[in-house]
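K.L.:
Quick one: the structure is below, and I'll ask about it shortly.
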Amino acid sequence: MVAHRDNLYVMRNGPCEDFLQCVMDCYNLTSDQWTVMSGQYGNSKSSLFTAAVRGDSVFTLSRHVTTEYTIEENKWRLRREMKGFGRIGSIYTFLMRWTDPILRIGIGPILT
1 MVAHRDNLYV MRNGPCEDFL QCVMDCYNLT SDQWTVMSGQ YGNSKSSLFT AAVRGDSVFT
61 LSRHVTTEYT IEENKWRLRR EMKGFGRIGS IYTFLMRWTD PILRIGIGPI LT
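First residue of the sequence shown? That's 1 in the UniProt record's numbering, and the numbers climb one at a time after it.
Right under this line is the structure:
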């Protein structure tokens, strides 16, 4: 799921449960309605599931390619593909942040 303005984009498997060709649904928070995005989107190495939004662009990362899409009214339009990942500190570099583990201190069994 990716958020852009007041829309949430949800990726799902394409025809015949094909996970390499995904389709997207768009949920608008203002109108409280679902719409189906036109077209199918390639999901090489699950890149659509690692999408990140920057402005009006969506960047997806696979093992070898960074793909940029522009967000339009009813579809994502492929803008460009770049080999590899961007330089450190550039807009094309994404960091994955893990949450700290929850420590339970002083909690023991409940005695009745």
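Ideal Cβ positions, reconstructed from N, Cα and C, are used throughout, including at glycine.
Given the structure is predicted, the values throughout are model-derived calculations rather than measurements.
Any contact between the segment 26 to 38 and the segment 58 to 71? By contact I mean 3 or more CB pairs, one from each, below 8 Å.
P.N.:
Contact fails: fewer than three Cβ-Cβ distances are below 8 Å.
K.L.:
Please report the residue range of the beta strand (DSSP E) in which L29 lies.
P.N.:
Locating residue 29 in the sequence shown gives position 29, where the first residue counts as 1. Premise fails: L29 is in no beta strand (DSSP E) and is neither H nor E.
K.L.:
Pick out whichever of S62, L61, P15 has its Cα sitting closest to the Cα of Q40.
P.N.:
On the sequence shown, residue 40 is found 40 positions in, with the first residue counted as 1. Nearest option by C-alpha distance: P15.
K.L.:
Rounded C-beta distance between C26 and M37? I'm assuming under 8 Å.
P.N.:
The residue you call residue 26 lines up with position 26 of the sequence shown. The residue you call residue 37 lines up with position 37 of the sequence shown. Rounded, the Cβ-Cβ distance is 6 Å, consistent with contact.
K.L.:
Assuming T67 is part of the beta strand (DSSP E), what are its boundary residues?
P.N.:
The sequence position of residue 67 within the sequence shown is 67, counting from 1. Note, T67: beta strand (DSSP E), 65 to 71.
K.L.:
Does the Cβ-Cβ distance between D56 and T35 come in under 8 Å?
P.N.:
Position 56 of the sequence shown holds residue 56. Position 35 of the sequence shown holds residue 35. No, the Cβ-Cβ distance between D56 and T35 is not below 8 Å.
K.L.:
According to DSSP, which residues form a beta bridge with Q21?
P.N.:
In the sequence shown, counting from the first residue as 1, residue 21 sits at position 21. Partner(s): G42.
K.L.:
Please check the pair N43 and L20, which I expect to be a contact at CB under 8 Å, by giving their CB distance rounded to whole angstroms.
P.N.:
Locating residue 43 in the sequence shown gives position 43, where the first residue counts as 1. Locating residue 20 in the sequence shown gives position 20, where the first residue counts as 1. Correct: roughly 5 Å between the Cβ atoms.
K.L.:
Quick check: what's the CA-CA separation for W76 versus V23?
P.N.:
As a position in the sequence shown, residue 76 is number 76, starting the count at 1. As a position in the sequence shown, residue 23 is number 23, starting the count at 1. The straight-line gap from Cα to Cα measures roughly 11 Å.
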